[in-house]
Amino acid sequence: MHFAFDFGMIFEDRISGIQCTTFGSPRVGNFSYVKRYERIVPRTHRFIVGADPVPKLPPLVPLGELSHRGFQHAGVEILLDWFVAPI
Numbered sequence: 001m002h003f004a005f006d007f008g009m010i011f012e013d014r015i016s017g018i019q020c021t022t023f024g025s026p027r028v029g030n031f032s033y034v035k036r037y038e039r040i041v042p043r044t045h046r047f048i049v050g051a052d053p054v055p056k057l058p059p060l061v062p063l064g065e066l067s068h069r070g071f072q073h074a075g076v077e078i079l080l081d082w083f084v085a086p087i
């Protein structure tokens, strides 16, 4: 994600439509970072598996009305979960 953001910042005036796909990405930044990221990289898809702990990092800290200052995800979450039948 950060590479896509850096790439978009460098080539913002020459390239449009930057896309990013991640698998199991942690939260990437605060509210301001995520809003700017989503402007620079408008199409981001985050694939996650429900039991994977990494997308839950860093943990959310309850800050009341200041919750927008904690780490957040960017892009669209796509949940990959499957049922594994017992053998």
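According to the working numbering, numbering within the sequence shown proceeds without interruption in unit steps and concludes at 87.
Glycine included, C-beta positions come from ideal geometry on N, C-alpha and C.
Here the structure is a predicted model, which means the values were calculated and not measured.
Around the Cβ of residue i, are there at least 16 other Cβ atoms within 10 angstroms (buried) or fewer (exposed)?
i, result
"F5", "buried"
"V93", "With the chain represented from 1 up to 87, any question about residue 93 goes unanswered, as that position is not in the structure."
"G17", "exposed"
Would you say residue i lies against chain D (beta-carbon separation less than 9 Å)?
i, result
"D81", "In the structure shown, chain D cannot be found, because there is only a single protein chain."
I'd like to confirm the pairing. Which residues does DSSP put opposite residue i in its beta bridges?
i, result
"F23", "F47"
"G91", "The structure shown has nothing for residue 91, since the chain only spans 1 to 87."
Specify, as a first and last residue, the run of the beta strand (DSSP E) that residue i falls within.
i, result
"E77", "76 to 79"
Could you tell me the boundaries of the alpha helix (DSSP H) in which residue i lies?
i, result
"G8", "2 to 10"
Compute the beta-carbon to beta-carbon distance between residue i and residue j, rounded to the nearest angstrom, for a pair I have assumed lies under 8 Å.
i, j, result
"M1", "A74", "7 Å"
> Between the region 21 to 29 and the region 42 to 50, do three or more beta carbon pairs fall short of 8 Å?
Replying inline: Taking a contact to require three or more Cβ pairs closer than 8 Å, the region 21 to 29 and the region 42 to 50 qualify as touching.
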